[in-house]
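S.K.: Mind having a look at this structure? Questions to follow.
There are 2 protein chains.
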Amino acid sequence: MAEVKLFGSWYSPISKRVEMALKLKGVEYEFIDEDLRNKSPLLFKYNPIHKKVPVLLHNGKPIAESSVIIEYIDETWEGPSILPKDPYERAMARFSRTIEEKCGVAMWKAFSSPGEEGEKAKEEAAQLLKYLEEEIKGKKFFGGENIGLVDISANFIGYWFGIFQEIAGLELLTKEKYPNLGEWIDGFINHSFVKDYLPPKDKITEVYKASAQHASSDTNQRSNFA
Amino acid sequence: MAEVKLFGSWYSPISKRVEMALKLKGVEYEFIDEDLRNKSPLLFKYNPIHKKVPVLLHNGKPIAESSVIIEYIDETWEGPSILPKDPYERAMARFSRTIEEKCGVAMWKAFSSPGEEGEKAKEEAAQLLKYLEEEIKGKKFFGGENIGLVDISANFIGYWFGIFQEIAGLELLTKEKYPNLGEWIDGFINHSFVKDYLPPKDKITEVYKASAQHASSDTNQRSNFA
Chain S
1 MAEVKLFGSW YSPISKRVEM ALKLKGVEYE FIDEDLRNKS PLLFKYNPIH
51 KKVPVLLHNG KPIAESSVII EYIDETWEGP SILPKDPYER AMARFSRTIE
101 EKCGVAMWKA FSSPGEEGEK AKEEAAQLLK YLEEEIKGKK FFGGENIGLV
151 DISANFIGYW FGIFQEIAGL ELLTKEKYPN LGEWIDGFIN HSFVKDYLPP
201 KDKITEVYKA SAQHASSDTN QRSNFA
Chain H
1 MAEVKLFGSW YSPISKRVEM ALKLKGVEYE FIDEDLRNKS PLLFKYNPIH
51 KKVPVLLHNG KPIAESSVII EYIDETWEGP SILPKDPYER AMARFSRTIE
101 EKCGVAMWKA FSSPGEEGEK AKEEAAQLLK YLEEEIKGKK FFGGENIGLV
151 DISANFIGYW FGIFQEIAGL ELLTKEKYPN LGEWIDGFIN HSFVKDYLPP
201 KDKITEVYKA SAQHASSDTN QRSNFA
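Residue numbers (the UniProt record's numbering), protein chains in the order written: chain S, 1 to 226; chain H, 1 to 226.
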């Protein structure tokens, strides 16, 4: 058995966060691509409470929740630091990660929920994007000169959301409104480390359209991506 | 200026988490008791995005979000460890903290939301409580022999919820249904380290009743506690 296994999905941004962390550290792993509409008994065994990807299996021991897995990876393997070393900077990175997470959820709702709920989500997303816009100002990455915790975690904002925004004809996150984030997105998706691992836009669009057909009554289709 | 200041509220379980972490480490601090219905400009300045307690100020630098603050405290000061040292055990503690957090939110909704939303929340809370019931089995505290991250974080479940449950005549968390959690609650609230810092039951009841009168249309009154 491989020492490190990752139960994930090639098109899930949440799963991709963990892949990026493993690749950043140079950890070799076996990738088990789950069919998210027909998950394996092993995934249910290793993540009985959420029944979601990603799950990392290290020497037979499972860990769920991407934020928990990423900190575990950073603490377990040598290589470039994912979190800063200084406790205050670490706290700031962890705080920005929580904001990024809330922002991603609001953006997904803004995209997928009709009516008042969608409008409220747009407002919330805009407020959180404003915070991230300030946070990234004058920096190449949230992690400074190098990609770190917040960059990895924000991959939905950095890549996936642009695709969904186009599908829905939304203009929530544009370079005009958020020039600093726009620059970060360009730098992020074109970074040699990231670019090779992002699933192609047309494939994501295809998956989304198929999943939307099967779940037209479910306004929280984000669950189809984890 | 004191080196460490905590903007909190004497009756907020979220704020109390941070107080417990500081006391566990033996850190001296100045406590600024915020009026949660008329928050200070300083709180708005230090936590502009959430505008909530708790905020820790260390050497003039602010940190928000209790989970982020607690990890900062553990990394910054000597003394008993709040998180385990072993990376896998740390991951397990962080995972249980996320479950405890979701459980607390569901319990609050079960208590405060009428109709279908409340019923759904009860089911969710029951499922998460089952996880915690298994987690605490055979252990004195979630942290093992000593109080740790999950115990501190779960203080709403360990203390506040019992009071609210009584107010509402709920029987969601009882010793009959969850004997291991029941034992943990007894051990937790009677622990010399905890017992002296819990606000009296009648005072919490008073605050809740006053806040319920002022916010009868707001089903998420948990926001009145942070």
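Backbone N, C-alpha and C fix where the C-beta goes; we use that ideal spot for every residue, glycine too.
(1) Taking only the alpha-carbon atoms, compute the straight-line gap between C103(H) and D35(H) and give it to the nearest angstrom.
(2) Contact criterion: CB-CB distance below 8 Å. Does I63(S) meet it with respect to chain H?
(3) For R17(H), go through chain S and note every residue whose CB falls closer than 7 Å to its CB, in chain order.
(4) Within 10 Å of its beta-carbon, does E19(S) have 16 or more other beta-carbons around it, so buried, or fewer, so exposed?
(5) Looking at the strands, I want to know which residues DSSP matches up with I32(S).
(6) From residue 306(S) to Y208(H), what distance separates their C-alpha atoms?
(7) Which runs of the beta strand (DSSP E) at least 3 residues long sit entirely within the stretch 150-224 of chain H? Give them in chain order.
(8) Between the Cα of I136(S) and those of S96(S), E123(S), G8(S) and G60(S), spot the shortest distance and give me the residue it belongs to.
(9) DSSP has residue 233(S) in a bridge; who is on the other side?
(10) With the cut-off set at 8 Å, would you say F164(H) and F111(H) are in Cβ contact?
(11) Which residues in chain S sit within 9 Å of Y72(H), going by Cβ to Cβ distance?
(12) Taking 8 Å as the threshold, find out whether the stretch 106-125 of chain H comes into contact with the stretch 56-67 of chain H through three or more Cβ pairs.
(13) Using a C-beta to C-beta distance shorter than 9 Å, which residues of chain S count as neighbours of Y131(H)?
(14) Compare the C-beta of T174(H) against all C-beta atoms of chain S and say whether one is closer than 8 Å.
(15) Kindly indicate the opening and closing residues of the alpha helix (DSSP H) around S67(H).
(16) My output table needs one value for V53(H): the three-state DSSP class, helix, strand or coil.
(17) Put F44(H) into one of helix, strand or coil per three-state DSSP.
(18) Using the C-alpha atoms, what's the distance from F7(H) back to L57(H)?
(19) If the cut is a Cβ gap below 9 Å, which residues of chain H does E75(S) touch?
(20) In chain S, which residues lie with their C-beta within 8 Å of the C-beta of I99(H)?
(21) So is V68(H) in contact with chain B if we call contact Cβ pairs under 8 Å?
(22) CB-CB under 7 Å to K140(S), same chain, minus the five flanking residues each way: which ones, in chain order?
(23) For K175(S), which residues of its own chain have a beta-carbon under 7 Å away from its beta-carbon, when the five flanking residues on both sides are left out?
(24) Let's test the definition: count the other Cβ atoms within 10 Å of the Cβ of Y159(H) and tell me whether it reaches 16, buried, or not, exposed.
(25) How should A168(S) be labelled, buried or exposed, when 16 other C-beta atoms within 10 angstroms of its C-beta is the threshold for buried?
(26) According to the neighbour-count rule (16 or more other Cβ atoms, all chains shown, within 10 Å of its Cβ), is S153(H) buried or exposed?
(27) Does DSSP classify F141(H) as helix, strand or coil?
(28) Using CA atoms only, rank isn't needed, just tell me which of V194(S), F156(S) and D202(S) is closest to S12(S).
(29) With L22(S) as the anchor, note down where its alpha helix (DSSP H) starts and where it stops.
(30) Within 10 angstroms of the Cβ of K16(S), are there 16 or more other Cβ atoms? Answer buried if so, exposed if not.
(31) Are the beta-carbon atoms of G79(S) and K5(S) separated by less than 8 Å?
M.R.: According to the data block:
(1) Start at 1 with the first residue of the second sequence, and residue 103(H) comes out as number 103. Start at 1 with the first residue of the second sequence, and residue 35(H) comes out as number 35. Distance between the alpha carbons of C103(H) and D35(H): 27 Å.
(2) To locate residue 63(S), count along the first sequence from 1; it is residue 63. Interface annotation, I63(S): in contact with chain H, CB-CB separation under 8 Å.
(3) As a position in the second sequence, residue 17(H) is number 17, starting the count at 1. Around R17(H), no beta-carbon contact reaches into chain S at under 7 Å, the shortest distance being about 15 Å.
(4) By one-based count along the first sequence, residue 19(S) stands at place 19. When all chains shown are included, E19(S) counts as buried.
(5) Within the first sequence, numbered from 1, the residue matching residue 32(S) stands at position 32. Bridge partners of I32(S): F7(S).
(6) Past the boundaries of the shown model lies residue 306(S); chain S is included only from 1 to 226, so the question cannot be answered.
(7) For the stretch 150-224 of chain H, not a single whole beta strand (DSSP E) run of length 3 or above is found.
(8) Position 136 of the first sequence, counted from the first residue, corresponds to residue 136(S). Just measuring C-alpha positions, the residue of S96(S), E123(S), G8(S) and G60(S) sitting nearest I136(S) is S96(S).
(9) Absent from the structure is residue 233(S), since the part of chain S shown begins at 1 and ends at 226.
(10) Within the second sequence, residue 164(H) is the residue found at index 164, counting from 1. Within the second sequence, residue 111(H) is the residue found at index 111, counting from 1. In contact: F164(H) and F111(H) (Cβ atoms closer than 8 Å).
(11) Stepping through the second sequence from its first residue, residue 72(H) is reached at position 72. Taking a Cβ-Cβ threshold of 9 Å, the residues of chain S close to Y72(H) are P87, Y88, R90, A91 and R94, in chain order.
(12) No, because fewer than three Cβ pairs between the stretch 106-125 of chain H and the stretch 56-67 of chain H fall closer than 8 Å, the two stretches do not touch.
(13) Within the second sequence, the letter at position 131 stands for residue 131(H). In chain order: P48 and I49.
(14) For the purposes of this step, residue 174(H) is taken as the residue at position 174 of the second sequence. Taking 8 Å as the threshold, the shortest C-beta distance from T174(H) to chain S does not fall below it.
(15) Translated into positions along the second sequence, residue 67(H) becomes position 67. Taken as a continuous stretch (DSSP letters only), the alpha helix (DSSP H) holding S67(H) covers S66 to T76.
(16) Counting from 1 along the second sequence, the entry for residue 53(H) is found at position 53. For V53(H), the three-state secondary structure derived from DSSP is coil.
(17) The residue given as residue 44(H) occupies position 44 in the second sequence. F44(H) sits in a helix when the DSSP states are folded into three classes.
(18) Numbered from 1 along the second sequence, position 57 holds the residue referred to as residue 57(H). Numbered from 1 along the second sequence, position 7 holds the residue referred to as residue 7(H). Going by the C-alpha atoms only, they are around 8 Å apart.
(19) Counted from its first residue, the first sequence places residue 75(S) at position 75. Listed along chain H, the residues sitting closer than 9 Å to E75(S) by beta-carbon distance are P87, R90 and A91.
(20) Counting from 1 along the second sequence, the entry for residue 99(H) is found at position 99. Simply I49.
(21) As a matter of chain content, chain B is missing from the structure shown, whose protein chains are S and H.
(22) Within the first sequence, the letter at position 140 stands for residue 140(S). Excluding residues up to 5 positions away in sequence, G187 lie with their Cβ nearer than 7 Å to the Cβ of K140(S) in the same chain.
(23) As a position in the first sequence, residue 175(S) is number 175, starting the count at 1. Closer than 7 Å at Cβ, skipping near neighbours: G182.
(24) On the second sequence, residue 159(H) is found 159 positions in, with the first residue counted as 1. Buried is the label assigned to Y159(H), since at least 16 other Cβ atoms lie within 10 Å of its Cβ.
(25) Counting from one through the first sequence, the residue named residue 168(S) turns up at place 168. Label assigned to A168(S): exposed.
(26) The sequence position of residue 153(H) within the second sequence is 153, counting from 1. Result: buried.
(27) Taking the second sequence and counting its residues from 1, the one referred to as residue 141(H) is at position 141. Reduced to three states, the DSSP call for F141(H) is strand.
(28) By 1-based counting over the first sequence, the position of residue 12(S) is 12. Selected option, being the one with the closest Cα: F156(S).
(29) Looking up residue 22(S) in the first sequence gives position 22. From DSSP, the alpha helix (DSSP H) with L22(S) extends over P13 to K25.
(30) Looking up residue 16(S) in the first sequence gives position 16. Classification of K16(S): buried, given that the 10 Å Cβ count is 16 or more.
(31) Stepping through the first sequence from its first residue, residue 79(S) is reached at position 79. Stepping through the first sequence from its first residue, residue 5(S) is reached at position 5. Against a cut-off of 8 Å, the Cβ pair of K5(S) and G79(S) comes out as no contact.
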